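Peer 1: What follows is a single structure, and I will ask about it in a moment.
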Amino acid sequence: MTATLAAAAPSALAAPNKADPVSLFPSDSLTVADKGQLTGRRVNLPTANCGAPISCGLTAQLNQLDGFDLDPRIAVRFDGPVDPVEAAARITLQDAHGGWRTGVDRVVYDPATTTLYAHPEQQLAPGTTYKLRVQGGPANKSAQDTFTTMSATDGLLDLRKQIDSGRAFKDSGITMPGLQIDGVFPTAGTLVQLVADVTVGAPDAAPTTVGFTQAPGTYVFGSYLAPNWLRSDVTIQQTPTRDAGPTALGAVRLPFVAVLPAGPAPAGGWPVAVFGHGFTGNATNVITAASTNMQRGIATIGTNVVGHGYGPEGALRITSGGKVTTLPFYGRGVDQDGNRTIGNTEGSSATGAATAQSSRDALRQTSADIMTLMRSLGGTDVDGNGTADLSGTDVTYFGQSFGGIYGTMLTGADPKVARAVLNVPGGPISEIARISPSFRLLTTQQLQAANLLNSTDATRSFFQEQIPLRGEAPVVAPVPGALAIQDYLARATWLSRSGSPETFAPLIDAERVLLQVAFGDQTVPNPTSYTLIDAGDLWSRTSLYRNDRTANARNNPHGFLLSALPAAAEGKEQIAAFLGRGEVVDPDAAGNVWEVPISDPALLLTLNWPEGTPVPSRR
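Okay, so the sequence shown: first residue is 267 according to our numbering, each after it adds one.
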């Protein structure tokens, strides 16, 4: 990092650094003792003059956590001007017990306050105390402080333990996890349509075709009961990390869509892969995702993510054999903004004072829902002949986009996932929203609520944050308002870290996972995939789809898996081989469109968007 930044450093900043560090952040001095926490500490940030309600709510919620972020925004104030490259090279973070250490990058320097901001080069471990050091020299004093990171994985691990112990089912009033079968149809000649509950108090939307295939197999539709920890504001109660987690609030009935291979099931039932749909999708995406699995002897099943599937009154309309059957779909969308319509993702983010959490707890609840689904499969008799059609043994998982994101959380937290394929995932969620043109306006909405918008440029989405990517030269003298935006986004990311995928990537044994990343992804940008993969050191398990080497090079490759492109069939073949046999195959063999594994992790450090593509997050 130092060499990279030095090469790009402005010449005006090349003067020797003679200033001394006078304050460091983060620091355990901003915590109080708390025996109820695994770290023995609780954050205690000042709450006076906290700003807009969303910012005050953010501070109040941070003060419930037992430590600092795993990728903290480090702040070192000096008593005079410094060269940001030289000063950053003097900063290290080391495990307080010795051994592991890292430097910093993503540097921002504010000459007005002589403060240098940066982030660790590598993600820190949860529940660990670190020494933050600024090395001295002949002309400089050294400085040191300690801080402790939060128990970021604890909340979701608590939910999984409650599910495994049976406590979650008891608290929810669920006698026994299992699937309720509502309808079974042959795939050939069957039309599946979604009648979405879009308008509150009005007739449902016109039917939309969501699946149709001539490949032989079986569609199965139904529901299951799952423990629910989610409150109406899309948050889960934060409890001290030393306890067993919050008590489930009750049970929720969730839909499932399954596609089974043709023919009689083998003894014990078909092996099952759970599919996790993307941000704008729903459970009916299983029908498209299952096309290769059903030909390879793997059943595929999926449910709706929190806030997806439109409203609860929606239905599936099945046309088969000349007969129309209507089945409940149990949509999970909510009219959060009061406009009497329910969007396809409405209800997947926190509201009110908890808005800064974003989708943190929706994703933790979704991960727990899939844990319950996996434990509901075994012995399911679909056709009523008295034998099992679905196996609950060695259940696998694959997810696309959002499904790859919460799928990372699921796979890290739940050892019952035998193997997983994570297609185009990234993290943290807040960085995806900031960088991606598809989601940047979500960040605009939060910054507007916090009164932090600092631009009138619509091409930037009305804010200019000036946050460098890994390996980029420091930002010096950021524009007015940028530092406040950086601070807000860093705190929001800290708050949401316990429901973000990179947090759980280090818990995944490499042999259990395969990742598929698309070069130049404009929806989940490559640098966010880098963050997730690097956090878990999963580079040897990462396949890179080189969209830039195809005839579709200028297209956004994010959705390739569910498209009509050749890459879709190739990606699904790789998925089926790994889920079914644990084998990693190169989809195009000796071709150059797939790199298996990725040839160089540094390929994902930059956006890789086609030349001329607008970059709203440009510095």
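Note that CB positions come from ideal geometry on N, CA and C, so glycine has one too.
These numbers come from a predicted model, not from an experiment.
So, at 6 Å on beta carbons, what are the nonlocal neighbours of isoleucine 357 in its own chain, with the 5 sequence-adjacent residues on each side left out?
Peer 2: Excluding residues within five positions, the ones whose Cβ falls inside 6 Å are Val370, Val400.
Peer 1: Examine chain B for any beta-carbon lying closer than 7 Å to the beta-carbon of glycine 857, and answer yes or no.
Peer 2: Considering every chain present, this structure includes no chain B. It has just one protein chain.
Peer 1: Can you list, in chain order, the stretches of the alpha helix (DSSP H) that have 4 or more residues and sit fully within the segment 810-864?
Peer 2: Counting only runs of 4 or more, we get 832-847.
Peer 1: With DSSP as the reference, label lysine 301 as helix, strand or coil.
Peer 2: Three-state DSSP puts lysine 301 in coil, outside helix and strand.
Peer 1: Buried or exposed: where does arginine 641 fall if 16 or more other Cβ atoms within 10 Å of its Cβ makes it buried?
Peer 2: Buried.
Peer 1: What's the C-alpha gap between leucine 279 and proline 319?
Peer 2: Note that leucine 279 scores 48 on pLDDT, short of 50, meaning its location in the model is unreliable; the coordinates nonetheless yield the value given after this. Approximately 39 Å between the Cα atoms of the pair.
Peer 1: What residue ranges within the segment 716-795 form continuous beta strand (DSSP E) runs of no fewer than 3 residues, ordered along the chain?
Peer 2: Segments of the beta strand (DSSP E) lying fully in the segment 716-795: 779-784.
Peer 1: Give me the residue from Arg736, Gly737, Leu735, Glu731 with the minimum Cα distance to alanine 905.
Peer 2: Because the chain here runs from 267 to 885, residue 905 falls outside it and cannot be looked at.
Peer 1: Ordered along the chain, which non-local residues of its own chain (more than five positions away) have a Cβ less than 6 Å from that of alanine 619?
Peer 2: So the list reads Gly323, once near-sequence residues are dropped.
Peer 1: Just the C-alpha distance for aspartate 627 and glycine 765, rounded to the nearest angstrom, thanks.
Peer 2: Answer to the nearest angstrom: the Cα atoms are 6 Å apart.
Peer 1: Alpha carbon to alpha carbon, how far is aspartate 349 from alanine 835? Give it in angstroms, no decimals.
Peer 2: Answer to the nearest angstrom: the Cα atoms are 52 Å apart.
Peer 1: Looking at the structure shown, is alanine 517 part of a helix, part of a strand, or coil, going by DSSP?
Peer 2: Note: alanine 517 maps to strand in three-state DSSP.
Peer 1: Check whether the segment 788-795 touches the segment 445-453, taking contact to mean three or more Cβ pairs, one atom from each stretch, closer than 8 Å.
Peer 2: In short, these stretches do not touch, since the Cβ pair count stays below three.
Peer 1: Where does glutamine 401 fall in DSSP's three states?
Peer 2: Three-state DSSP puts glutamine 401 in coil, outside helix and strand.
Peer 1: Under 8 Å by Cβ, that's how I've got threonine 484 and proline 521 pegged, so tell me the actual separation to the nearest angstrom.
Peer 2: Rounded, the Cβ-Cβ distance is 17 Å, inconsistent with contact.
Peer 1: Going by DSSP, name the residue or residues bridged to isoleucine 502.
Peer 2: Paired residue(s): none; isoleucine 502 is not in a bridge.
Peer 1: Do the CB positions of glutamate 768 and alanine 724 come within less than 7 Å of each other?
Peer 2: No.
Peer 1: Just grab the DSSP bridge partners of threonine 591 for me.
Peer 2: Paired residue(s): Ile584.
Peer 1: Can you name the start and end residues of the alpha helix (DSSP H) that aspartate 420 belongs to?
Peer 2: Looking at the DSSP string, the run of the alpha helix (DSSP H) that includes aspartate 420 is 420-431.
Peer 1: Pick helix, strand or coil for alanine 539, following the three-state DSSP scheme.
Peer 2: DSSP places alanine 539 in strand when its eight states are reduced to three.
Peer 1: Under the assumption that proline 506 contacts glutamine 631 (Cβ atoms under 8 Å), give the Cβ distance between them as a whole number of angstroms.
Peer 2: Their Cβ separation, rounded to whole angstroms, is 20 Å, which puts proline 506 and glutamine 631 out of contact at 8 Å.
Peer 1: Below 8 Å on the Cβ atoms is my contact criterion, and I expect leucine 804 with alanine 771 to pass it. Report the Cβ-Cβ distance as a whole number of Å.
Peer 2: Going by Cβ atoms, the distance from leucine 804 to alanine 771 rounds to 7 Å, so yes, they are a contact pair.
Peer 1: Any chance the segment 562-579 sits against the segment 680-691, with 3 or more Cβ pairs inside 8 Å?
Peer 2: The segment 562-579 is not in contact with the segment 680-691.
Peer 1: Determine the direct distance from the alpha carbon of threonine 808 to that of leucine 781, and round the result to whole angstroms.
Peer 2: Taking the straight line from one Cα to the other gives about 5 Å.
Peer 1: If you run the structure through DSSP and keep just helix, strand and coil, what is threonine 558?
Peer 2: In this structure, threonine 558 counts as coil in the three-state DSSP scheme.
Peer 1: Just to confirm my understanding: we take valine 851, look at its own chain, exclude 5 residues before and 5 after, and list those with CB closer than 6 Å. What are they?
Peer 2: Closer than 6 Å at Cβ, skipping near neighbours: Gln840, Ala843.
Peer 1: For the segment 657-719, list the beta strand (DSSP E) runs that are entirely contained and at least 3 residues long, ordered along the chain.
Peer 2: List check, beta strand (DSSP E) in window: 662-666, 686-689.
Peer 1: Assess contact between the segment 451-461 and the segment 530-537, defined as three or more Cβ pairs (one per stretch) separated by less than 8 Å. Is contact present?
Peer 2: Cβ pair count under 8 Å is below three, so no.
Peer 1: Would tryptophan 875 be called buried (16 or more neighbouring beta carbons within 10 Å of its own) or exposed?
Peer 2: Label assigned to tryptophan 875: buried.
Peer 1: Quick one: using the 10 Å Cβ neighbour count with 16 as the cut-off for buried, is glutamine 389 buried or exposed?
Peer 2: Glutamine 389 comes out buried.
Peer 1: Applying the 10 Å Cβ sphere with the 16-neighbour rule, what's the burial state of asparagine 605?
Peer 2: Asparagine 605 is exposed by the Cβ-count criterion.
Peer 1: Would you kindly report the start and end of the unbroken alpha helix (DSSP H) that includes leucine 629?
Peer 2: It spans 626-640 - the alpha helix (DSSP H) in which leucine 629 sits, taken as one unbroken run.
Peer 1: Under 6 Å Cβ to Cβ from alanine 281, same chain only, skipping five residues before and after it: list those, please.
Peer 2: Reliability fails at alanine 281, whose pLDDT of 49 lies under 50, so the model's placement of it is uncertain and the value that follows must be treated cautiously. Hits under 6 Å: none found.
Peer 1: Rounded C-beta distance between glycine 599 and glycine 609? I'm assuming under 8 Å.
Peer 2: That belief holds up - the Cβ atoms of glycine 599 and glycine 609 are roughly 7 Å apart, short of 8 Å.
Peer 1: I need the DSSP call for isoleucine 799, collapsed to helix, strand or coil.
Peer 2: It is helical.
Peer 1: Residue range of the beta strand (DSSP E) that isoleucine 320 falls in?
Peer 2: Per DSSP, isoleucine 320 belongs to no beta strand (DSSP E); it is in the alpha helix (DSSP H), 319-328.
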